[in-house]
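With this note's numbering as the guide, the letters of the sequence shown map in order to residues 4 to 349. C-beta atoms are modelled at their ideal positions from N, C-alpha and C, and glycine is treated no differently. Comments concern the structure below.
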Amino acid sequence: MNYIRVTAAILTIQDKILAAKRAEGKHLAGYWEFPGGKIESGETPEQCLKRELKEEFSIDTEVGEFVAESVFDYGEKCIRLLAYKVKHLAGDFQLIDHDEIRWLAIEELDSLKWAPADIPIIAALKQQAEAEPTSEFYANNAQAYCDETLAYDINHVRDRFVALLPNTRFITPHILDLGCGSGRDSKAFINAGFRVTALEASKDLALLAEAHIGQAVLNIRYQQLQLKNSYDAIWACASLLHCPKSQIEYVMQNCIDALKEGGVFYFSFKQGEDERLDERGRFFNDYTVVSLNALIAKFDELETIDVWHTTTPLRGQDQTWINGFVRKVLGAKKRESKQTDLKVAL
Numbered sequence: 004m005n006y007i008r009v010t011a012a013i014l015t016i017q018d019k020i021l022a023a024k025r026a027e028g029k030h031l032a033g034y035w036e037f038p039g040g041k042i043e044s045g046e047t048p049e050q051c052l053k054r055e056l057k058e059e060f061s062i063d064t065e066v067g068e069f070v071a072e073s074v075f076d077y078g079e080k081c082i083r084l085l086a087y088k089v090k091h092l093a094g095d096f097q098l099i100d101h102d103e104i105r106w107l108a109i110e111e112l113d114s115l116k117w118a119p120a121d122i123p124i125i126a127a128l129k130q131q132a133e134a135e136p137t138s139e140f141y142a143n144n145a146q147a148y149c150d151e152t153l154a155y156d157i158n159h160v161r162d163r164f165v166a167l168l169p170n171t172r173f174i175t176p177h178i179l180d181l182g183c184g185s186g187r188d189s190k191a192f193i194n195a196g197f198r199v200t201a202l203e204a205s206k207d208l209a210l211l212a213e214a215h216i217g218q219a220v221l222n223i224r225y226q227q228l229q230l231k232n233s234y235d236a237i238w239a240c241a242s243l244l245h246c247p248k249s250q251i252e253y254v255m256q257n258c259i260d261a262l263k264e265g266g267v268f269y270f271s272f273k274q275g276e277d278e279r280l281d282e283r284g285r286f287f288n289d290y291t292v293v294s295l296n297a298l299i300a301k302f303d304e305l306e307t308i309d310v311w312h313t314t315t316p317l318r319g320q321d322q323t324w325i326n327g328f329v330r331k332v333l334g335a336k337k338r339e340s341k342q343t344d345l346k347v348a349l
């Protein structure tokens, strides 16, 4: 199916989100939406949003990180709606394509009659708001968390990961430690002679990790990762487990884009069926071996090396982890590989 790619702005001022009512005479007139528009040929979603908001409201904006996507079939057309956080920079709001605008708190959004494609975006916003206490936990417990994780031994997984890295005489593999936490694994990779870029969303954890590994840590969220063919491997140990399902495919795709062809990607999640808050108030997106394999299968560029579960003691209880090793290959190569496997099976 061919989709029309459309953007949506999650524009927030003082914790209130902009909602705009579509004008009479337009498709879905009278319905409310997050403003945006169709991505034109050659445009990025970010460029589209800046242009559309200038045209629709005469305002200047800065487009931030991805929020969520929604796919909806209106019958006469099927759209893929991509929502991004947006910051208002300058200009008074002028109504050009809309009859009315309102500024609403997240809990007030359901009071309006929304365009169907926008409704899943609201659900994603609520879900992500529930995940915010996770950031507060790490800010308030950074040192204790680092002390706990530094003592946690996962040499066996790191050794498997290292064995999968490209074996070259003249180029040192470059590893992205995505959500490095205490810096435990970054330190181990550095000591083993690898080039390491450590990324950590929590400012408090990033500062502690910098002191531990002796180099700068990139203090951004993995939703902000926007690099192409930069790393030989990505290590995401117990980090993507805080990424909501509404964003996980976007983040995974950004990681794939950041990998060089042939690059290895490791990730781990806690075992479970859904999303939840733990006893500490942290948000978790859990997987099983089956559901993680299903997630991996959505990406043509990924070739599965292994997906497995391990059970280890954690705070006096057994904790089951779902782990994955994958490799980035060209989609065509993956399809050829599948066809070859099928012929062999036959």
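Residue i to residue j span [Cα, whole Å]
i                 : j                 : result
tyrosine 290      : threonine 313     : 13 Å
isoleucine 16     : isoleucine 99     : 20 Å
valine 9          : arginine 318      : 46 Å
serine 41         : cysteine 51       : A small correction: the amino acid at residue 41 is lysine; serine does not occupy that position in the sequence shown. Cα-Cα distance, rounded: 7 Å.
alanine 22        : glutamine 256     : 29 Å
glutamate 27      : glutamate 79      : 19 Å
glutamate 304     : valine 332        : 5 Å
cysteine 149      : glycine 186       : 8 Å
tyrosine 87       : serine 189        : 31 Å
phenylalanine 69  : leucine 243       : 15 Å
asparagine 143    : isoleucine 308    : 37 Å
phenylalanine 164 : alanine 191       : 12 Å
leucine 84        : phenylalanine 287 : 25 Å
phenylalanine 140 : glutamate 72      : 27 Å
threonine 315     : isoleucine 325    : 11 Å
alanine 93        : isoleucine 62     : 6 Å
leucine 298       : histidine 215     : 34 Å
tryptophan 117    : glutamate 49      : 23 Å
phenylalanine 173 : threonine 200     : 19 Å
serine 55         : glutamate 43      : In the sequence under discussion, the amino acid at residue 55 is glutamate, which differs from the serine named in the question. Approximately 11 Å, taken between the alpha carbons.
tyrosine 6        : lysine 29         : 20 Å
Alpha helix (DSSP H) segment containing residue i, residue limits
i             : result
aspartate 100 : Here aspartate 100 belongs to no alpha helix (DSSP H), and DSSP marks it neither H nor E.
glutamate 211 : With the sequence shown as reference, residue 211 is identified as leucine, and glutamate is not the correct amino acid for it. Unbroken alpha helix (DSSP H) run through leucine 211: 206-216.
arginine 54   : 48-60
Simplified DSSP state of residue i, which is helix, strand or coil
i                 : result
histidine 30      : coil
arginine 187      : helix
valine 254        : helix
proline 316       : strand
phenylalanine 270 : strand
isoleucine 178    : strand
isoleucine 13     : strand
asparagine 427    : No answer is possible for residue 427: the residues shown for the chain start at 4 and end at 349.
lysine 129        : helix
aspartate 321     : strand
leucine 115       : coil
isoleucine 259    : helix
glutamate 110     : helix
isoleucine 42     : coil
isoleucine 124    : helix
isoleucine 193    : helix
leucine 333       : coil
leucine 221       : strand
Check whether residue i and residue j have beta carbons under 9 Å apart
i             : j                 : result
isoleucine 20 : leucine 107       : yes
leucine 168   : isoleucine 157    : no
glycine 196   : alanine 236       : no
glutamate 203 : glycine 182       : yes
glutamate 306 : valine 292        : no
leucine 112   : isoleucine 104    : no
leucine 64    : histidine 91      : Here residue 64 turns out to be threonine, not leucine, going by the sequence shown. Against a cut-off of 9 Å, the Cβ pair of histidine 91 and threonine 64 comes out as a contact.
leucine 262   : asparagine 232    : yes
glutamine 146 : leucine 211       : yes
glutamate 278 : lysine 301        : no
tryptophan 35 : lysine 53         : no
arginine 198  : threonine 175     : yes
proline 119   : tyrosine 77       : yes
leucine 280   : glutamate 133     : yes
alanine 12    : glycine 33        : no
alanine 241   : phenylalanine 268 : no
proline 136   : glycine 275       : no
valine 160    : serine 271        : yes
N-terminal and C-terminal residue of the beta strand (DSSP E) that residue i is part of
i              : result
aspartate 63   : 63-76
arginine 83    : 81-93
tryptophan 238 : 234-239
leucine 202    : 198-202
leucine 21     : 19-25
Near the ligand PLP: residue i beta-carbon under 8 Å from a heavy atom
i          : result
lysine 190 : Summarising the ligand content, the structure contains no ligands, and the ligand PLP is consequently not present.
Within-9 Å CB hit, residue i to chain B
i            : result
arginine 224 : Protein chain content of the structure displayed is limited to a single chain, and chain B is not contained in it.
What residue ranges within the stretch 281-313 form continuous alpha helix (DSSP H) runs of no fewer than 4 residues, ordered along the chain? 292-299
Curious, which full-length alpha helix (DSSP H) runs of at least 4 residues does the stretch 135-175 contain? 136-143, 145-153 and 158-166
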